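Quick note: the sequence shown uses the working numbering, first residue 679, plus one each step. These notes are about the structure you will find just below.
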Amino acid sequence: MIYLLLVLLNIILMFSLFSWKRQICEITKQISENRKLRISLSNKHIEKLAGIINEKNYLERRAKLQILQEKEQLKQSIANISHDLRTPLTSIQGYLVLLKSCENKEEQEHYFSIIQAKADYLTELLQIFYDLSLIDSEDYILEVEKLDINRIVTDCLIDKYSELKKLTPTVKTENAPVWITGNTVACKRIIENLITNAIRYSNDYVEIVIDANGIFTVKNTTSELNNIDINMLFQKFYTVDTSRSNGNTGLGLYIVKELLNKIDGGIEEISYKNNILTISIYFNLCY
């Protein structure tokens, strides 16, 4: 009887060893073929091991995909930047040739004004790309301080007065300081970019508001955002194909979002209703 039990136990042990060997071989094959591990044996330890390996493989594949996407994005970014810089430079070179052969004073002044405008635009582009290079750097840390965002908004409005007066703006600012924790240069860039975006794409109306809660809102009328996912407006290099998008790098609102993140601010609202684009952002109040 004991002999039979020993034989039976040996048979069971051999069968178990065979099953384990077959399972190990199958796992090895699945790993070598970079497949998701599937376990035939009902064993919690093997199942746990397979789960860990599957999770590791998933993270590794996702990391590789992200690297490929970032490489492609970098390649596209370089192409976009090269094109954006080359366009005004080519235009300036062309008008310089015309200017060299022109003797009419009025035409010379006209060419000078165009060259100046192109040079100003080129300077703006260089500033944008400089901002982008800083923002995308992990080592770029903004020093924050207590500042009056109401004053910064007012200063930006004064700087943009000549452009705003061509529209019918509604402006609402606070009579008292609105103290926030931020960075003067970054906050000025944020406000300038939002106001410039509104002016550039507005049909005839712009509304600009800063309230006591540190929420800055800019609205502008436009009929060119239908069938557009407005949440994409803050993505890097995203541009809307409109009659007034010529020269737009698609970086202005992206820079706004990234600078807000670095000073603990954020996007409060972005909506498009009845041909009115509304963008609201918030700053971190300092009490």
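Glycine is no exception: its CB is placed at the ideal position from the N, C-alpha and C atoms. Since this is a predicted model, take the numbers as computed values, not measurements.
Give the range of the alpha helix (DSSP H) segment to which residue i is assigned.
i    : result
N875 : T862 to Y879
F790 : K783 to I813
E936 : G930 to K940
E841 : Y839 to L842
Alpha carbon to alpha carbon, how far is residue j from residue i? Give it in angstroms, no decimals.
i    : j    : result
L955 : K897 : 6 Å
I730 : V884 : 55 Å
Q747 : G930 : 22 Å
I888 : N952 : 22 Å
K742 : L937 : 28 Å
K753 : D907 : 24 Å
W857 : A864 : 15 Å
L776 : E852 : 50 Å
I813 : I759 : 16 Å
T848 : S901 : 19 Å
G943 : K796 : 34 Å
S769 : I793 : 8 Å
D817 : S811 : 11 Å
N712 : K914 : 34 Å
Using DSSP bridges, identify the partner residues of residue i.
i    : result
L955 : N898 and Y950
K824 : T859
N962 : T859
I945 : I959
I893 : Y960
Considering only their Cβ atoms, is the gap separating residue j from residue i smaller than 8 Å?
i    : j    : result
E946 : Y960 : yes
F894 : V831 : yes
L911 : I948 : yes
N828 : P855 : yes
L872 : I957 : yes
Y799 : P766 : yes
Y839 : L903 : no
R867 : D809 : yes
N962 : I941 : yes
T862 : D882 : no
I886 : L804 : no
N732 : K707 : no
C964 : K850 : no
Contact defined as beta carbons within less than 8 Å: I believe residue i pairs with residue j. What is the distance between those atoms, to the nearest angstrom?
i    : j    : result
G772 : V822 : Between V822 and G772 the Cβ distance is about 45 Å, and since that is not below 8 Å, they are no contact.
If you follow the beta strand (DSSP E) that residue i is in, where does it begin and where does it stop?
i    : result
K714 : First-last for K714: undefined, no H or E at that position.
E885 : V884 to I888
K850 : T848 to K850
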